[in-house]
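Before any comments, here is the structure.
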Amino acid sequence: MATTDMTPSREFDLSGGRLCLDFANTVSMRDVKPRERLAAYADLVAFARATGAVDEPLARRLLGEARRRPADADDVLRQAIALREALFRIFLARAEGQEPAPADEALLSAALSTALAHRRLARHGEGYALGWDDTTAALDAPLWPIVESAAALLTSGELERVRVCSLHESQECSWLFLDQTRARTRRWCSMKDCGNVAKARRHHARAKEAGDG
Ligand SMILES: [Zn+2]
């Protein structure tokens with residue numbers, strides 16, 4: 198794995214509505230021809246930076262740490278991908294009215310225990326805020342807010358609004374999102390991509406039917 202390749206951050210599509218769902222969406226075409234967005238540890242840092250899970254100074258320190266300890270950074274990347282796949286399976290199961298696998302729930306629960314050990318109380322203006330321990334530049338720091346986001350979503354009333362893109366039926370898209378429409382009618386991860394593909398296809402099918410008929 199090209200952990201030391203510190204290429205500038207590529208853009209991530211953040212249409213999931215929650216950090217943990219955007220994280221699950223860091224692979225495209227999962228069922229057919231997977232396109233991996235987390236190919237290197239630097240990609241994980243870029244994702245965390247793009248979503249605000251880590252701030253700029255911490256991101257820079259993490260990249261420096263990864264250059265010094267490339268094997269450890271690769272381990273964290275593998276850990277991140279295992280976590281992402283477990284999150285995907287858990288939320289997909291819930292979106293489809295199925296029971297998530299106990300092994301995936303156990304993985305997430307263990308990750309939550311690790312993450313919460315790094316929770317810190319911080320002064321924030323006149324009051325206090327919950328922060329993360331950023332003094333050690335631990336390589337797995339980008340995972341902590343993701344894990345917390347997943348636990349928060351699973352324990353919230355919003356869990357029933359988690360959906361998988363409608364193009365999942367044809368294995369063309371497996372992105373997850375939170376349906377925040379009042380009528381709960383959102384069907385595609387993005388109207389711009391999958392929504393338009395589906396619309397064009399329906400139009401084509403109708404035109405063909407009219408032509409054949
Ligand atoms: Zn989609």
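When we follow the working numbering, the leftmost residue of the sequence shown carries the number 198, and every step to the right adds one. Ideal Cβ placement from N, Cα and C applies to all residues, glycine included.
- Apart from the 5 residues on each side of it in sequence, residue 395 sits with its Cβ closer than 7 Å to the Cβ of 363, 364, 385 in its chain, given in chain order.
- Note: residue 320 is bridge-paired with 325 in the DSSP secondary-structure output.
- Residue 334 is a Cβ neighbour of residue 258, given a cutoff of 7 Å.
- Contact between the segment 335-355 and the segment 266-274 is present: 3 or more CB-CB pairs across the two stretches fall below 8 Å.
- Remark: fewer than three beta-carbon pairs, one from each stretch, lie closer than 8 Å, so the segment 232-247 and the segment 368-388 are not flagged as touching.
- Across the structure, residue 318 and residue 398 are spaced so that their CA atoms are roughly 52 Å apart.
- Going by beta carbons, residue 215 and residue 309 fall outside the 7 Å limit.
- Remark: the shortest separation between the CB of residue 218 and any heavy atom of ligand 1 does not fall under 6 Å.
- Ranked by Cα distance from residue 376, the options 315, 361, 366 are led by 361.
- Remark: the C-beta of residue 289 is outside contact range of ligand 1, defined as less than 6 Å to any heavy atom.
- Residue pairing for residue 275: DSSP places it in no beta bridge.
- Following the DSSP letters along the chain, one finds residue 229 in no beta strand (DSSP E), marked with neither H nor E.
- Taking the C-beta atoms as reference points, residue 301 is found no nearer than 7 Å to residue 278.
- In the displayed model, residue 265 falls within a helix according to three-state DSSP.
- The distance from the Cβ of residue 221 to that of residue 373 is about 5 Å, consistent with a contact at the 8 Å cut-off.
- At a Cβ-Cβ threshold of 7 Å, residue 255 and residue 330 do not count as neighbours.
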